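Everything on this sheet refers to the single structure shown next.
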DNA sequence: TGTCTATTTGAGAGCGCTCTCACTATACCA
DNA sequence: TGGTATAGTGAGAGCGCTCTCAAATAGACA
């Protein structure tokens, strides 16, 4: 099936040397147009493809970028299309930059020796992108020994300054979302967090607290419930929150907000009349629920693209580490918060 | 960053030959326990990783499988989590079999030379998996020249017999869904198709028509509308269908059904009283809408797993092509069809 | 103690490419 | 006409591994 066909055989057929064929393949300018055409014709005719391994061996680069999404496949699948959007962004940029994308999904356990080896093998990929690497992840410990450049999507927990990452200003965005609720007259604002091993969730909680304090409102622990980024936990979290009579909710993601909304509605309360809701992300579900969610829009796809671009720059030494890319967010007003949408949007640019 | 560290240097430090280090790395039994331990210690100490390219060059395999999802990223993202589920299945099996997954997402145009080259390069991946390759896709023409084994998820349009694929019996499943509606007394059953360049959509339409004919009902073209696998097109398709007074709908996917449901509700009709709905897939959205959807459940994740396993078997010559894997489906009765759920489930095994 | 077998080790070729260096052919100028 | 610059080409080494084959060593037995 994979019959042997190498530069040498193409060279023979074209009546040139291996070197010349190599030049043609690599678009070297030092080949006469005539020779180039002849060689190209033979290559096409023979359906020849240069051996990627041989090339990688001498060039010391594979033109492959590794993408690691260590999130449990449960979350990967359930948080609406947050991860698929990240993936689409990564994919688009990686393809455009003419790299290939090697992907690992799901949990990596300490004892997953094979995978760990592959991941840390500096000869398989030219660089790595980690999406939402949780603080308690075994890979965290290995990061230091990594022999290749890497970029994280979301702020890392440790070594923040020295690590390359792409994120949004979650703290400020959460402050703005919460301030919005406060401005609407809400005083008992609850918060359902995301997975607290992910900085996004951590920072949004911080922003929420900041805003309450700044407004002179108490931070009431009974109004804060930890969950993970999915609809179901959002639903149950809200059920537990309801007895404490919140008049608003800032949810760590739209999926969580959607689950919470359902719980509120089932309890016979009206949204936004009895309770305002603000989500985060602005993914599909935000507009598919009734009432549609006021939410903090973040450029999810662009996060993927930016991370891929940054990594390629790093691989090619076009920038020097560490780099921190902070993308802007925007508060999108819809019906779930109860704001009179005279100005339908409140724009915020973080950084 | 990638300092040169090869077998030779490890060998020197351990006082053995390159061959012996190679044996240790490849778990060859012909190494004394003592030597193995010594070499392993040095490898760990030096943080050594064998060069994948060099290994691939001589072994003529990369242990990488390519996954191609040529669907526009629009559909990839919008059809609920169908594609992410396929991806999760592929990922799990590929990881378990100790391969790595190279992924290409999104449309591939004819002139995307770079990508076409990479895809057909038999030295980069050991095999390829195509997910829902549309009939009009430029890759279709290249399939014959491919120098590596490949598996398709979903029945191919052409060369069905000679192609390796994993699918469900969409025709039979659609027949059962439609028969169910007929049995409930529905007579004007509409159908909203999926993307007709994908066999799934094509076969479901066939099954729908088969069932009508078998029951002696007319196949009314005004009750059939073509759409793509997403919520929005489902919504608009249903709006166009409504004037023709259907009393039931069989939708090509749950996402489509969800969009259609919204249109029905907005038109002031009741589901299932005025109109029964049956979807396909049984993804999250099926239970998130009100009323929850009666639908044909297909083992999406298992399709990915089966495809990966089959490909690995093919790569290792453990089975001979062509192989056709048909997975079972199941009609799941929920509230959208109006069936009295005495038996809450009607089980069907295709093949 | 020597012979035979089994186990463990090493030497060396070669996988298919790139890249440097040297060489040839052509063009240009004085 | 000779000298020099330049475009185009080829030879050959070497990237880091695996794998075959032969050699060395150890173990078993008479």
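Residue numbers (the working numbering), protein chains in the order written: chain A, 1 to 351; chain B, 352 to 702. A virtual CB, placed ideally from N, CA and C, is assigned to each residue, including glycine. Just so we're clear, the structure is a prediction, and the values are computed from it rather than from any experiment.
*Contact set between residue 442(B) and chain A, taken where Cβ atoms lie within less than 8 Å*: Mapped onto the second chain, residue 442(B) falls at position 91. Here the neighbours are 73, 103, 104, 105 and 106.
*Given that residue 88(A) touches chain B, what residues does it touch there, using C-beta distances under 8 Å?*
The count along the first chain starts at 1 and reaches residue 88(A) at position 88. The contacting residues are 424, 427, 428, 456 and 457.
*Reducing DSSP to helix, strand and coil, say where residue 178(A) ends up.*
To locate residue 178(A), count along the first chain from 1; it is residue 178. Note: residue 178(A) maps to helix in three-state DSSP.
_Whole angstroms are fine: how far does the CA of residue 441(B) sit from the CA of residue 542(B)?_
To locate residue 542(B), count along the second chain from 1; it is residue 191. To locate residue 441(B), count along the second chain from 1; it is residue 90. When rounded, the distance between both Cα atoms is 31 Å.
*asked:* Once the 5 residues before and after residue 512(B) are set aside, which same chain residues still bring their CB inside 8 Å of it?
replied: In the second chain, counting from the first residue as 1, residue 512(B) sits at position 161. If we look at residue 512(B) and ignore the five residues flanking it on each side, its Cβ neighbours are 673.
*Sequence-distant residues of the same chain with beta carbon closer than 6 Å to residue 418(B), five excluded per side*: Walking along the second chain from the start, residue 418(B) turns up at place 67. Answer for residue 418(B): 441, 452, 454 and 480, listed in chain order.
*Residues of the segment 373 to 389 of chain B whose Cβ lies closer than 9 Å to any Cβ of chain A, in chain order*: none
*Along the chain, which unbroken stretches of the alpha helix (DSSP H) at least 4 residues long are found entirely within the segment 189 to 232 of chain A?*
199 to 214
*At 7 Å on the CB atoms, spell out the chain B contacts of residue 118(A), in chain order.*
The residue you call residue 118(A) lines up with position 118 of the first chain. Going along chain B in sequence order, the residues near residue 118(A) (Cβ under 7 Å) are 451.
*Report yes or no: is there a C-beta of chain B within less than 8 Å of the C-beta of residue 324(A)?*
Here residue 324(A) corresponds to residue number 324 of the first chain, with the count starting at 1. Not one chain B Cβ lies under 8 Å of residue 324(A).
*asked:* List, in chain order, every chain B residue whose beta-carbon is nearer than 9 Å to that of residue 316(A).
replied: Sequence index remark: in the first chain, residue 316(A) carries index 316 (1-based). Within 9 Å Cβ-Cβ: nothing; residue 316(A) doesn't reach chain B, min ~13 Å.
*Straight-line CA distance for residue 33(A) to residue 126(A)?*
One-based indexing of the first chain puts residue 33(A) at position 33. One-based indexing of the first chain puts residue 126(A) at position 126. Distance between the alpha carbons of residue 33(A) and residue 126(A): 33 Å.
*residue 52(A) CB to nearest chain B CB: under 8 Å?*
Your numbering for residue 52(A) matches position 52 in the first chain. It does; some Cβ of chain B falls within 8 Å.
*When the Cα atoms are used, what is the spatial distance from residue 26(A) to residue 19(A)?*
Residue numbering aside, residue 26(A) sits at position 26 when the first chain is read from its first letter. Residue numbering aside, residue 19(A) sits at position 19 when the first chain is read from its first letter. Looking at the two C-alpha atoms, the distance is approximately 11 Å.
*Using DSSP bridges, identify the partner residues of residue 100(A).*
For the purposes of this step, residue 100(A) is identified with residue 100 of the first chain, where counting begins at 1. DSSP lists 64(A) as partners of residue 100(A).
_Contact with chain A by residue 494(B), beta-carbon distance below 8 Å_ = The sequence position of residue 494(B) within the second chain is 143, counting from 1. No, because no Cβ of chain A sits closer than 8 Å to the Cβ of residue 494(B).
*So, is the C-beta of residue 566(B) closer than 8 Å to a C-beta in chain A?*
As a first step, residue 566(B) is located in the second chain; it is residue number 215 there, counting from the start. Chain A contact via Cβ: absent.
_Rounded Cβ spacing between residue 334(A) and residue 293(A) (contact assumed at less than 8 Å)_ = Taking the first residue of the first chain as position 1, residue 334(A) is located at position 334. Taking the first residue of the first chain as position 1, residue 293(A) is located at position 293. About 6 Å separates the two Cβ atoms, so the contact holds.
*asked:* Assuming residue 273(A) is part of the alpha helix (DSSP H), what are its boundary residues?
replied: Residue numbering aside, residue 273(A) sits at position 273 when the first chain is read from its first letter. From DSSP, residue 273(A) is part of no alpha helix (DSSP H); its letter is neither H nor E.
*Is any beta-carbon of chain B found at less than 8 Å from that of residue 122(A)?*
Your numbering for residue 122(A) matches position 122 in the first chain. By this cut-off, residue 122(A) is an interface position.
*Beta-carbon proximity check, residue 326(A) vs residue 132(A), cutoff 8 Å*: Residue mapping note: residue 326(A) aligns to position 326 of the first chain, counting from 1. Residue mapping note: residue 132(A) aligns to position 132 of the first chain, counting from 1. In this structure, residue 132(A) does not lie closer than 8 Å to residue 326(A) by Cβ.
*Give me the Cα-Cα distance between residue 221(A) and residue 155(A), rounded to the nearest whole angstrom.*
As a first step, residue 221(A) is located in the first chain; it is residue number 221 there, counting from the start. As a first step, residue 155(A) is located in the first chain; it is residue number 155 there, counting from the start. Using only the alpha carbons, I get a separation of about 25 Å.
*Can you tell me whether residue 8(A) is buried or exposed, with buried defined as 16 or more other CB within 10 angstroms of its CB?*
Taking the first chain and counting its residues from 1, the one referred to as residue 8(A) is at position 8. Answer is exposed; the Cβ neighbour count stays below 16.
*Considering residue 634(B), what are the terminal residues of the beta strand (DSSP E) in which it resides?*
Locating residue 634(B) in the second chain gives position 283, where the first residue counts as 1. Run containing residue 634(B): none; DSSP gives neither H nor E here.
*List the residues of chain B that residue 244(A) touches, going by C-beta distances under 9 Å, in chain order.*
Position 244 of the first chain, counting from 1, holds the residue named residue 244(A). Going along chain B, no residue has its Cβ under 9 Å from residue 244(A), so there is no contact; the nearest lies around 26 Å.
*Check the Cβ of residue 370(A) against every Cβ in chain B and list those closer than 7 Å, keeping chain order.*
Because residue 370(A) is not part of the residues shown, which for chain A are 1 to 351, the question remains open.
*On the three-state DSSP scale, how would you describe residue 478(B)?*
Translated into positions along the second chain, residue 478(B) becomes position 127. Residue 478(B) sits in a strand when the DSSP states are folded into three classes.
*By how many angstroms is the C-alpha of residue 54(A) removed from the C-alpha of residue 411(B)?*
Sequence index remark: in the second chain, residue 411(B) carries index 60 (1-based). Sequence index remark: in the first chain, residue 54(A) carries index 54 (1-based). Straight through space, the alpha carbons of residue 54(A) and residue 411(B) are spaced by roughly 10 Å.
*asked:* Assuming residue 9(A) is part of the alpha helix (DSSP H), what are its boundary residues?
replied: Residue mapping note: residue 9(A) aligns to position 9 of the first chain, counting from 1. Unbroken alpha helix (DSSP H) run through residue 9(A): 7 to 14.
*Give every residue of the same chain whose Cβ lies closer than 8 Å to the Cβ of residue 301(B), excluding the five residues on either side of it in the sequence, and list them in chain order.*
Residue 301(B) lies beyond the residue range present for chain B, which begins at 352 and ends at 702; the question has no answer from this structure.
*DSSP three-state call for residue 371(B): helix, strand or coil?*
Residue numbering aside, residue 371(B) sits at position 20 when the second chain is read from its first letter. Helix, per DSSP.
*Could you tell me how far apart the beta carbons of residue 646(B) and residue 605(B) are, in whole angstroms, since I believe they sit closer than 8 Å?*
Within the second chain, the letter at position 295 stands for residue 646(B). Within the second chain, the letter at position 254 stands for residue 605(B). About 6 Å separates the beta carbons of residue 646(B) and residue 605(B), which is inside the 8 Å limit, making them a contact pair.
_Looking only at its chain, what residues have a beta carbon closer than 6 Å to the beta carbon of residue 17(A), apart from the 5 residues adjacent to it on each side?_
The residue you call residue 17(A) lines up with position 17 of the first chain. Closer than 6 Å at Cβ, skipping near neighbours: 11.
*Exposed or buried, what is residue 141(A) when buried is set at 16 or more other beta-carbons lying within 10 Å of its beta-carbon?*
For the purposes of this step, residue 141(A) is identified with residue 141 of the first chain, where counting begins at 1. By the 10 Å Cβ count, residue 141(A) comes out exposed.
*Residues of chain B with CB under 7 Å from residue 62(A), in chain order?*
Within the first chain, numbered from 1, the residue matching residue 62(A) stands at position 62. In chain order: 404.
_Cβ-based neighbour list, residue 539(B), same chain, cut-off 8 Å, excluding 5 preceding and 5 following_ = Position 188 of the second chain, counted from the start, is the residue given in the question as residue 539(B). Around residue 539(B): 571, 574, 595, 596, 597, 598 and 599.
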